Each structure stands twice: as structure tokens, then as C-alpha cells.
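Undergrad: Below you'll find the structure I mean.
In C-alpha cells, the structure reads:
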């Protein structure tokens, strides 16, 4: 167990330079082939945000009585979701995206998860810049709480790397597992606090269950830093369930990696 | 690093792999009673269940069975054997892509493999980007890659195609680039798996010359896997004949070829 943990850290440290280059290469690959290239990284998420904003605020008349505009609140939830969505759909099955790194070149498997997450994280950071521009336009500049974003983003990266290290070997071995995760991606979105506020639903039981969804936590954590202005440790009902989920995911990821990493090359 | 790994001797049934970049060690590769078995399950569901339970039945197939040999620095050794004799599995273990099930594997020095040359490239990236990509995976700095790049492109004879995405390449072009790359990065141990049938006859000749050039450096260890006894004779001084994953004959190349051909 501890050996596997040590191994993961060793692999990621020894190959750090390659990991950084591969992350850049992954982004390049995504933009490849289109004339507009980089623009497409923004077009899809921004369309999403615009459509949700139109449907929710103008159509369903959500939002309203807060001191910040609804679109800031909505974007602060959707932007981390785009990252998490990629990690759930592709990050959970990342060896199939790079089969030649698994069975043609000797490359540490845990580092594949890391560099894929890093490349998506980079896109996420660019979108966060867009969010700040949006804040500036709407005049809802975040306060001191924005400093909280730094640890929140790093924890988000760490959590989803763990998630990918846990799920990728299982997905490689079983197609059912990867299909299950893909099927879960939409429910995880709708059963999270991204487009509604879970604490205002009025049912403590539902709130308790939904707070174990890591997607809810990250949406709330980014909002706490950008517009809702509170420190996360003031809200143990948000923080503690996530920390429990994180601990379980990390332990399972290390155990699973230690057990399965040698089998992956045989099944890809 | 190797002494450290030796301290952590696990239970006897588990495999030990020691791998370092000590290219001055007199031994390049050592296999001690290495077994590699693949678990064959009835279906994917059974394979998945087996990660949680030990009760799921499966069939063990040994690709390498109690395989032992030692290859010293600077030797050129041919692996001979029919299809399914376990040659490729042994090479995969040497390159570090596959893990042995039991036994001990020691590899001193950096391994470059000419296994299935057209694989290991990313189809979305251009040839030039793939060279940079593989080069940095190999641990080269940007300057070293810039220095090697013209040499690789020149050898592969790709012309204007070098800046096109690799998915547009023909299989011959991919293998040419693969060979040019793997043979240009100055490995300590070069593994060649049936690779010299690259391209047309003229290019194959060029590849053979390149391998000769690499082998003239007495420090480079070459492993050569082939069905063809003529090319084995041309390159190697020693032959190891494998059958059913086991080392059945290990001697001078002439005797090994005679033994291998006698068995056919």
C-alpha cells in the first residue's frame, strides 16, 4: 500500500518534465486541424454558459435576490464542471486515449492521468480568467475570499488525478465500468449544486446526500471564493463530506494502482 | 538504486525487476527463472470480477516459462524461435512494457526498442512533432532533439511529409520514421524485432548498414529477434533458441541456427 503510494509520487516526480510537455502536447492535439484552433477551447463552454443562462434566468426566472448577478454564480459552477466532465468521461479511461504509452513505450501509468488532468486544468484556468472578466463587466468584483481559489483549484486537480488513477485501470480491464461512468456523468451533473443551490432546497436529507457528490463541493467552493464570499471551513457541512470522499478515493486509488498497474499493459 | 531494490526482496513468488542506467556494468541483461503468464478469462466480465475476488476461474498461459539467460555488455545475440515461442514477450519485459509474473529481471542501461516500428506514434501529430514527442519521452533536451532531428528526417526519407499529420502516412513511411528514430537516439541496449524488413530492398539495406554501424560500437548491446537465419548470422555471434517460452539452446550462432533449422 505505502509502496504503491511512494511509487506514484516517485513516478510523477521523476517524469515531471515529460508530464509538462505531454500536457502541452495534449492541448495542441485538441486544437489541431481547425483553422480557429485555440478559439474552440472557449466556444463550447461559453455557448453552454450562454444557453444555461438564457434558459434559467430568462426562461425559468431563477436567481434574483442576491447581490451578485446570476450569470456570475452560474459560470462559477459551470466552469469547474467542464473540467470535471472531461475527467469523468475521458480521464476515467485515459489509457485508451494513449494506448501507445501503455504498451509500446515504458512510461509510468500514473503519469498519464497526471498529464491529462493538467492539460484539462490549463483550459480550466483560462476559463477562470474569462470568469474574472465577466465579474469585472458586471461589476461584481470578488473580495479577499478569492485567495481561497488557489488551494481549491489545487485540491480539485489532486482529487481528479486520484479519480483517474482509480478508474483508468478498472476501465481498461472492463468496458462495463467505463460505460457505467459515462452513464453516471449526466446524473452527477443534475444531482449536484451546479445549476441550483443545494442548501436552499429545504430538505436536510437531500442536502446531506448531495454534499457527498464531489462535483457539488467544487461548484460550491469556487462560488464561495468568487461570489458567495465565505471561507470553506466556516461551512463544515460542505467541507467534511468532501474530505471523506477524497480520503476514500485516494486510498482506493493507491490500492487499485498497486494491484492492477502490471495488468493494464496486457489488456489494452 | 539497485542495491536499494535488492533490499526489498518480496515474497519468493513475486517478480523482481531491477532497472538502472548503469551502462558500465559488465552485464547488460539478466533473466533468472522468469515466467510471464497471461490470465485468460472466459469473458471481460470474468476478468473484471477477478479484480475483486480470487475465486473467478481462469486459464494460465505461460508466454515465458522459467526462462534464464545472461547477456553481457557489447554482445549481439539473436533470439530464434517459431511464432509463439515467447520472443516478443521477453523483449517486452526487457523494454519494461510488460511485467514478469515471477523470477528476476535485471537490465543495466537504457533500452531502445524497434518493436512494431509503426506503433508508438500519435496519428494526430506531424512527423516532426512525433520526433520531438518521442525524444522528450526518451529524456532528451530540446537542444539534443534539435540536433538529432535533421539526421532522423534525412534517414527516414520523408521529404515534405514530415510536417503532415502521421495518420496520413503509409505504413512504410511510419516504419521508416520509427526505425530512423529508434536507431538515432544512442541507446545502451538496442532491441530489434523483425524490424529490418522495413520499406523496399534499398531501404532495408540502409537499415542493415545502420545496425552494423551501431554494433561497431562495442559498448552497445544488441538483441535481435528473427525467423530469418541469414540476417541472424550476419549480425550476431550468439544465438538463443526459444521454444514454448523456455530457453532450449544457447550457443554460438552457427550451432544455434543449425539446431533451430534441424527442429523445423
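Protein chains in written order, with the numbering used here: chain C, 1 to 268; chain P, 1 to 264.
Beta carbons are placed, not taken as given, at the ideal position from N, Cα and C, and that holds for glycine.
Bear in mind that the values here come from a model prediction, so they are computed numbers and not experimental data.
1. Quick check: the Cα distance between residue 30 of chain C and residue 126 of chain C, rounded to an integer number of angstroms?
2. Does the beta carbon of residue 97 of chain P come closer than 8 Å to any beta carbon on chain C?
3. Could you please give me the residues that DSSP links to residue 41 of chain P through a beta bridge?
4. So, does the region 119-132 of chain P touch the region 170-188 of chain P, judging by three or more C-beta pairs under 8 Å?
5. Could you tell me whether the region 1-8 of chain C touches the region 70-89 of chain C, using the rule of 3 or more Cβ pairs below 8 Å?
6. Per DSSP, which one or two residues make a beta bridge with residue 165 of chain P?
7. Just to confirm my understanding: we take residue 47 of chain P, look at its own chain, exclude 5 residues before and 5 after, and list those with CB closer than 6 Å. What are they?
8. By a C-beta neighbour count over all protein chains shown, 10 Å radius and 16 as the cutoff for buried, is residue 127 of chain P buried or exposed?
9. Starting from residue 120 of chain P, find everything on chain C with Cβ-Cβ shorter than 8 Å and list it in chain order.
10. From the beta carbon of residue 137 of chain P, is the nearest beta carbon of chain C less than 8 Å away?
11. Using a Cβ-Cβ cutoff of 7 Å, what residues of the region 163-175 of chain P are near chain C? List them in chain order.
12. Hey, does residue 168 of chain C have any beta-carbon neighbour from chain P nearer than 8 Å?
13. In three-state terms, what does DSSP make of residue 256 of chain P?
14. Measuring alpha carbon to alpha carbon, tell me which of C:195, C:155, C:162 ends up nearest residue 239 of chain C.
15. With three or more beta-carbon pairs closer than 8 Å as the criterion, would you say the region 185-201 of chain C touches the region 216-230 of chain C?
16. If you measure from the beta carbon of residue 265 of chain C to each beta carbon in chain P, is any gap under 8 Å?
17. Output needed for residue 123 of chain C: all residues of its chain with C-beta closer than 6 Å, excluding positions within five of it in sequence on either side, in chain order.
18. Can you check whether the C-beta of residue 109 of chain C is within less than 8 Å of a C-beta belonging to chain P?
19. Using DSSP with H/G/I as helix, E/B as strand and the rest coil, what is residue 236 of chain P?
20. Given a cut-off of 8 Å on the beta-carbon distance, is the pair residue 95 of chain P and residue 113 of chain P in contact?
21. If you follow the beta strand (DSSP E) that residue 224 of chain P is part of, which residue opens it and which one closes it?
22. Does DSSP put residue 245 of chain P in a helix, a strand or coil?
23. Please classify residue 35 of chain C: does DSSP put it in a helix, a strand, or coil?
24. Could you name the residues of chain P that residue 71 of chain C contacts, counting a contact when the two beta carbons are closer than 8 Å?
25. Are the CB atoms of residue 60 of chain P and residue 37 of chain P within a distance shorter than 8 Å?
26. Give the secondary structure of residue 178 of chain C by DSSP, where H, G and I count as helix, E and B as strand, and everything else as coil.
27. Please classify residue 52 of chain C: does DSSP put it in a helix, a strand, or coil?
28. Quick one, which residues of the region 153-184 of chain C are near chain P if we go by CB-CB under 9 Å, in chain order?
29. Where does residue 109 of chain P land, buried or exposed, given buried means 16+ other C-beta within 10 angstroms?
30. Which residues in the same chain as residue 26 of chain P place their Cβ atom closer than 7 Å to its Cβ, once the five residues preceding and following it in sequence are excluded?
31. At what residues does the alpha helix (DSSP H) containing residue 12 of chain C begin and finish?
32. Give the range of the alpha helix (DSSP H) segment to which residue 173 of chain C is assigned.
33. Just to confirm the assignment, what range does the alpha helix (DSSP H) spanning residue 20 of chain P have?
34. Interface residues of chain C around residue 188 of chain P at Cβ under 7 Å?
35. Measuring only the C-alpha atoms, how far is residue 131 of chain C from residue 229 of chain C?
36. Does DSSP put residue 35 of chain P in a helix, in a strand, or in coil?
TA: Quick answer:
1. Counting from 1 along the first chain, the entry for residue 30 of chain C is found at position 30. Counting from 1 along the first chain, the entry for residue 126 of chain C is found at position 126. For residue 30 of chain C and residue 126 of chain C, the distance between alpha carbons rounds to 15 Å.
2. As a position in the second chain, residue 97 of chain P is number 97, starting the count at 1. Contacts with chain C at 8 Å (Cβ-Cβ) include residue 97 of chain P.
3. Within the second chain, residue 41 of chain P is the residue found at index 41, counting from 1. Partner(s): none; residue 41 of chain P has no beta bridge.
4. Yes: at least three Cβ pairs fall under 8 Å.
5. Touching, no, given that fewer than three Cβ pairs across the two stretches are closer than 8 Å.
6. Against the second chain, residue 165 of chain P aligns to sequence position 165. Bridge partners of residue 165 of chain P: P:126.
7. Working through the second chain from its first residue, we reach residue 47 of chain P at position 47. Only 41 meet the Cβ criterion.
8. Counting from 1 along the second chain, the entry for residue 127 of chain P is found at position 127. By the C-beta density criterion, residue 127 of chain P is buried, having at least 16 other C-beta atoms within 10 angstroms.
9. To locate residue 120 of chain P, count along the second chain from 1; it is residue 120. The contacting residues are 100, 104, 105.
10. Residue numbering aside, residue 137 of chain P sits at position 137 when the second chain is read from its first letter. Yes, contact with chain C.
11. Those residues of the region 163-175 of chain P that come within reach of chain C (Cβ to Cβ, closer than 7 Å) do not exist; the list is empty.
12. What you label residue 168 of chain C is simply residue 168 of the first chain in a count that begins at 1. Chain P, which has no Cβ nearer than 8 Å to the Cβ of residue 168 of chain C, makes this no.
13. Sequence index remark: in the second chain, residue 256 of chain P carries index 256 (1-based). Helix, per DSSP.
14. Along the first chain, read from residue 1 onward, the residue named residue 239 of chain C stands at position 239. The option with the nearest alpha carbon to residue 239 of chain C is C:155.
15. By the Cβ rule, the region 185-201 of chain C counts as touching the region 216-230 of chain C, because three or more pairs are nearer than 8 Å.
16. Locating residue 265 of chain C in the first chain gives position 265, where the first residue counts as 1. Output row for residue 265 of chain C: interface = yes.
17. Position 123 of the first chain, counting from 1, holds the residue named residue 123 of chain C. Same-chain partners within the cutoff: 41.
18. As a position in the first chain, residue 109 of chain C is number 109, starting the count at 1. Not an interface residue.
19. Counting from one through the second chain, the residue named residue 236 of chain P turns up at place 236. In the structure shown, residue 236 of chain P sits in coil (DSSP, three-state: anything other than H, G, I, E or B).
20. Position 95 of the second chain, counted from the first residue, corresponds to residue 95 of chain P. Position 113 of the second chain, counted from the first residue, corresponds to residue 113 of chain P. Against a cut-off of 8 Å, the Cβ pair of residue 113 of chain P and residue 95 of chain P comes out as a contact.
21. Here residue 224 of chain P corresponds to residue number 224 of the second chain, with the count starting at 1. DSSP places residue 224 of chain P in the uninterrupted beta strand (DSSP E) bounded by 221-226.
22. By 1-based counting over the second chain, the position of residue 245 of chain P is 245. Of the three classes helix, strand and coil, the one that applies to residue 245 of chain P here is coil, per DSSP.
23. As a first step, residue 35 of chain C is located in the first chain; it is residue number 35 there, counting from the start. Residue 35 of chain C: coil per DSSP, three-state reduction.
24. Here residue 71 of chain C corresponds to residue number 71 of the first chain, with the count starting at 1. Chain P residues near residue 71 of chain C: none, gap ~35 Å exceeds 8 Å.
25. The residue given as residue 37 of chain P occupies position 37 in the second chain. The residue given as residue 60 of chain P occupies position 60 in the second chain. Residue 37 of chain P is a Cβ neighbour of residue 60 of chain P, given a cutoff of 8 Å.
26. As a working mapping, residue 178 of chain C is identified with position 178 in the first chain. Correct three-state label for residue 178 of chain C: helix.
27. Numbered from 1 along the first chain, position 52 holds the residue referred to as residue 52 of chain C. Residue 52 of chain C: helix per DSSP, three-state reduction.
28. Within the region 153-184 of chain C, the residues whose Cβ lies closer than 9 Å to any Cβ of chain P are, in chain order, 169, 170, 173, 174, 175, 176, 177.
29. As a working note, residue 109 of chain P is residue 109 in the second chain. By the neighbour-count criterion, in which 16 or more other beta carbons inside 10 Å mark a residue as buried, residue 109 of chain P falls on the buried side.
30. Reading the second chain from its first residue, position 26 is the one you call residue 26 of chain P. So the qualifying residues of the chain are 72, 73.
31. For the purposes of this step, residue 12 of chain C is taken as the residue at position 12 of the first chain. Taken as a continuous stretch (DSSP letters only), the alpha helix (DSSP H) holding residue 12 of chain C covers 2-14.
32. Here residue 173 of chain C is taken as the residue at index 173 of the first chain, counted from 1. It spans 149-173 - the alpha helix (DSSP H) in which residue 173 of chain C sits, taken as one unbroken run.
33. Start at 1 with the first residue of the second chain, and residue 20 of chain P comes out as number 20. Here residue 20 of chain P belongs to no alpha helix (DSSP H); instead the beta strand (DSSP E) covers 16-20.
34. As a first step, residue 188 of chain P is located in the second chain; it is residue number 188 there, counting from the start. Chain-ordered listing is empty here: chain C has no CB closer than 7 Å to the CB of residue 188 of chain P, the nearest sitting near 14 Å.
35. As a working mapping, residue 131 of chain C is identified with position 131 in the first chain. As a working mapping, residue 229 of chain C is identified with position 229 in the first chain. Distance between the alpha carbons of residue 131 of chain C and residue 229 of chain C is about 16 Å.
36. As a working mapping, residue 35 of chain P is identified with position 35 in the second chain. In the three-state reduction of the DSSP assignment, residue 35 of chain P falls in the strand class, which pools E and B.
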